[in-house]
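According to my numbering, numbering within the sequence shown proceeds without interruption in unit steps and concludes at 630.
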Amino acid sequence: MVVCGDDGLAHRLAAELRGVYDEQVTLVVPPATRVARQPVVGRARASALLDRVSAAVTRAAGNGNGNGAEGRGTGATGTRIARTPGAVRTLEAPEASEAVLAEAGVERAAALALVYDDDETNIRAALTARRLNPRLPLVLRLYNRRLGQHIEALLDQAAALASGGGDPEAEAFDASTTVLSDADTAAPALAATAVAGTTKVVQTDGLMLRAVERPPPGPGEVADPGLCTLALLSATASDPAGADGSEGSGAQGPQLLPDESAVAAATGRGTVVLETVSYAGPPLPAGRSVVPLGSLLSRRLRWSFAGLVGCVVALAVASMAVTGEHPLRATYLTLLDLFAINNPAIGEPAGRQILQLLSGLLGLLLLPVLLAAVLEALGTFRSGTALRKPPRGLSGHVVLLGVGKIGTRVLTRLRELKIPVVCVEGDPEARGLATARRLRVPVVLGDVTQEGVLEAAKIHRAHALLALTSADTTNLEAVLYARSVRPDLRVVLRLYDDDFATAVYRTLRAAHPHALTRSRSVSHLAAPAFAGAMLGRQILGAIPVERRVLLFAAVDVAGHPQLEGRTVAQAFRAGAWRVLALDTATPGERAQAPDPGTGGPGRASGLVWDLPPTYVLRSEDRVVLAATRRGLAELLGRRRGEGAGA
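Spelled out as structure tokens, the structure:
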């Protein structure tokens, strides 16, 4: 396996392939000298200290330039070669050029993952790799969904032509292209955590899986198992200072995919159950941004108009009482007087003349009100495409820090759920500001570490805080300040290093035991999906269970002796995998079904969830299953069985 990238996802993916699937991995990364941290400007001294602590934790985890590398050398292309203790061969090169890819061994590789942060870099390297090895399976990280569909079709067609045929469906060739986005993979989990706290959601290609954490049942109570129990939470989950639920927590840690006896024997443990399953159809087409009528005129101006209307009605009633005219004629005469249209009341009774004078005076008052209404409406239309400010009295909203790649996807997800959001962004050219403008989401422009920025976002009345900037210290500093304002505020942090995220999570949980705290590493959530795609399997998504990850994958039964010819009950392997549903859609229907996220090809919704335990899985079946990372590796034949520690 060859992995090329320039950020934490590349390191995490290489570790996933090596540690979970026992693959031989070559990692191509930029030289360590090119990686430089942003200077500390305008931050507190504590922030600089946290930055150094984060760097030390990252180096200790093996993600830095690494003094632990062994056997350094220089390749034929001038790249630096190293062997890390985890037996991952590392090449240091500025970019994945043709010479670098050849030295990495793409001509003999089983798969290639291109996970650079830039879409253009990944596309250029993919075209080069396809020319070097037409039969090489490719996995690309692209943020642009629509472009990803076209690139995927183009590279697959090129592979088919190079294999001697012009129709990809006419012959079975090994090469395939999979386009994934780490933002799309992590966004549902981040959004669900901010909205519902303990709810996990996987939504991909029209399929929505919703799992929920449930507290331990009380004495005499029976926990609702839902559709099925996916995990048992840590025994120390309710202890603020208890050990975190990582993979090294041992028997006290979370248990993924337990059997019925383990669920029945577990006392005092919360559970994660599959609560509902639904199909999320294609969303309505995004219409043009329309300025709401209520925002054309301010409240004060609307009250002024209401007062004028009341005065007109009163004058019309008085005119009818004085002159004895019909109500319509009395109203008509009042409006003539109001607009100063020439119809003097000469020779009329004194009461009629007095009313005419009062109507003329009211008309003089109407003129500035009409002028103010016109100017205010013009100003509203001119600012219709500008960023909105948080309205007065806003409460119960989600404050979203950072609208980059990850933040934009989370913002879209929150608005699909009709959740009010206020964005905070320091870069006026950030890519997510156009999305916020189109969705009419209020935005506060400013450095979140500066005083008054979070207050402008109404953090004291917010429901949750999502800190998703690309700087760990910025996210941590914002969360610490928000907790000083609201100790019970629900917070979700995006942190680069998973070990650092674990330490932050445990500290914040101990300091604020009654407030919900979640720390998430995007690379930790996205790496299993990329690894599964490199192995030729469709990973639908990942659900975090404390510090572990549960995968949902679509697998063909044929070729898997652990599934083929077995009943659903016999195919269940506690702690490894569990069959959830049967996919009855044909391959053609899967290829033609619309993807709600892009409008292009995606999955069909022909899924049967109420499979009886006695149903026998056939070779032509395709199933959706939940699996641990090691369980999926064993199912794919990439690891040895239980004797090998799977």
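Ideal placement from N, C-alpha and C gives every residue a C-beta, glycine not left out.
Straight-line Cα distance separating residue j from residue i
{"i": "L216", "j": "L534", "result": "12 Å"}
{"i": "A300", "j": "T318", "result": "6 Å"}
{"i": "A314", "j": "G294", "result": "15 Å"}
{"i": "H444", "j": "L285", "result": "30 Å"}
{"i": "V469", "j": "P374", "result": "18 Å"}
{"i": "R(-4)", "j": "L359", "result": "56 Å"}
{"i": "K389", "j": "L349", "result": "53 Å"}
{"i": "P200", "j": "A441", "result": "36 Å"}
{"i": "E332", "j": "L312", "result": "19 Å"}
{"i": "T162", "j": "L11", "result": "19 Å"}
{"i": "P118", "j": "A487", "result": "45 Å"}
{"i": "F323", "j": "A356", "result": "17 Å"}
{"i": "T453", "j": "R397", "result": "17 Å"}
{"i": "T169", "j": "L75", "result": "27 Å"}
{"i": "A537", "j": "A510", "result": "14 Å"}
{"i": "H134", "j": "G386", "result": "29 Å"}
{"i": "E197", "j": "R283", "result": "44 Å"}
{"i": "E82", "j": "D103", "result": "18 Å"}
{"i": "H496", "j": "A462", "result": "15 Å"}
{"i": "L460", "j": "V529", "result": "22 Å"}
{"i": "L500", "j": "A451", "result": "14 Å"}
{"i": "A171", "j": "S165", "result": "10 Å"}
Residues bridged to residue i (per DSSP)
{"i": "D540", "result": "R606"}
{"i": "E197", "result": "V256"}
{"i": "L450", "result": "L384, V476"}
{"i": "C212", "result": "L258"}
{"i": "S503", "result": "L477"}
{"i": "C(-12)", "result": "V12, L98"}
{"i": "P426", "result": "R372"}
{"i": "C407", "result": "L384, V427"}
{"i": "G89", "result": "Per DSSP, none; premise fails for G89."}
{"i": "P528", "result": "V533"}
{"i": "L124", "result": "L98, V163"}
Residues near residue i by beta carbon distance below 7 Å, same chain, minus five either side
{"i": "A94", "result": "M(-15)"}
{"i": "H498", "result": "D472"}
{"i": "D(-9)", "result": "D101"}
{"i": "L339", "result": "L299, A302, S303, V306"}
{"i": "A414", "result": "V387, G388"}
{"i": "L354", "result": "none"}
Residue j beta carbon less than 9 Å from that of residue i
{"i": "V383", "j": "A446", "result": "yes"}
{"i": "L547", "j": "T568", "result": "no"}
{"i": "L449", "j": "A466", "result": "yes"}
{"i": "I527", "j": "A173", "result": "yes"}
{"i": "A175", "j": "V394", "result": "yes"}
{"i": "L131", "j": "R114", "result": "no"}
{"i": "V4", "j": "C(-12)", "result": "no"}
{"i": "L492", "j": "S505", "result": "no"}
{"i": "A97", "j": "L122", "result": "yes"}
{"i": "A611", "j": "A565", "result": "no"}
{"i": "G416", "j": "G377", "result": "no"}
{"i": "L214", "j": "A558", "result": "no"}
{"i": "L(-7)", "j": "V72", "result": "no"}
{"i": "R613", "j": "A515", "result": "yes"}
{"i": "A143", "j": "S160", "result": "yes"}
The ligand NAP heavy atom lying under 8 Å from the CB of residue i
{"i": "D140", "result": "Although the ligand NAP was asked about, the structure shown includes no ligands whatsoever."}
Close Cβ partners of residue i (< 6 Å) along its chain, the five nearest in sequence each way excluded
{"i": "V563", "result": "V552, A555, V607, L609"}
{"i": "G252", "result": "P200"}
{"i": "L211", "result": "L258"}
{"i": "V427", "result": "L371, C407, A420"}
{"i": "G631", "result": "No answer is possible for residue 631: the residues shown for the chain start at -15 and end at 630."}
{"i": "A249", "result": "none"}
Own chain, CB closer than 8 Å to residue i, minus 5 neighbours either side, in chain order
{"i": "G89", "result": "V(-14), T10"}
{"i": "P597", "result": "T551, V552, A553"}
{"i": "V541", "result": "L547, E548, L601, R602, S603, E604, D605, R606, V607"}
{"i": "E7", "result": "M(-15), L1, A94, R622"}
{"i": "H310", "result": "M304"}
Could you tell me whether the stretch 409 to 416 touches the stretch 341 to 349, where touching means 3 or more Cβ pairs closer than 8 Å? Because the criterion of three Cβ pairs below 8 Å is not met, the stretch 409 to 416 and the stretch 341 to 349 do not touch.
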